[in-house]
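Residue numbers -25 to -1, 1 to 122, in mature numbering (1 follows the signal peptide of the UniProt record, and there is no 0), belong to the letters of the sequence shown in order.
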Amino acid sequence: MQRRSMLRASLAGLFGALGMREASAATETPARQRVVYHLADADRVVFVLGNLQNHVDGVGGPGKADIRLVVHGPALRAFHALAAEDHTVAMMTKLVDAGVGFDACANTMKAQGVKLDDLTPGFVVAEKGGVVRLAELQQQGYAYLRP
């Protein structure tokens, strides 16, 4: 008799603990998204900036996710301050204000003969190059997106 009581008490405790674990898991906040977008194609600049804005909006607004854009190759020309289209600058400014980070490939900057001051405000330099920066961010847990 005593063994049955002990078994029932043990099972009740086990199921109670599992139930509490499930209840606490349901109330935990989801992990903060960490995402890096990759942009190299000049014809995709506006599309990718739109994706970034959709992502910011989709997670609930500014500051709700860690989002970065790494730009290299021909796409970087769209961000040369003297040549950038007003629409591109306006979209980028809104994204920077929302906390999106912008990384410019140092190798591309050298090839295009531009310095950080020559780019639209908000960029930092990916000193080791854009592809290395992408790999570093992925190692830090960022999800990789190339729209």
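In this text, a Cβ means the ideal position worked out from N, Cα and C, and glycines have one as well.
Measuring only the C-alpha atoms, how far is residue i from residue j?
i	j	result
residue 38	residue 77	15 Å
residue 55	residue 70	17 Å
residue 32	residue 61	22 Å
residue 116	residue 9	7 Å
residue 17	residue 121	13 Å
residue 86	residue 3	47 Å
Less than 8 Å separating the beta-carbons of residue i and residue j?
i	j	result
residue 81	residue 101	yes
residue 11	residue 119	yes
residue 21	residue 14	no
residue 59	residue 7	no
residue 43	residue 112	yes
Among the candidates the options, whose CA atom is the shortest distance from the CA of residue i?
i	options	result
residue 98	117, 115, 110 and 74	74
residue 52	29, 7, 79 and 5	79
residue 57	122, 45 and 96	96
residue 72	109, 36 and 110	36
Does the contact criterion of 3 or more C-beta pairs under 8 Å hold for the stretch 61 to 77 versus the stretch 100 to 109? no
Does the contact criterion of 3 or more C-beta pairs under 8 Å hold for the stretch 17 to 25 versus the stretch 87 to 94? no
What runs of the alpha helix (DSSP H), each 4 residues or longer, lie entirely inside the stretch 35 to 119? 61 to 72, 81 to 87 and 105 to 114
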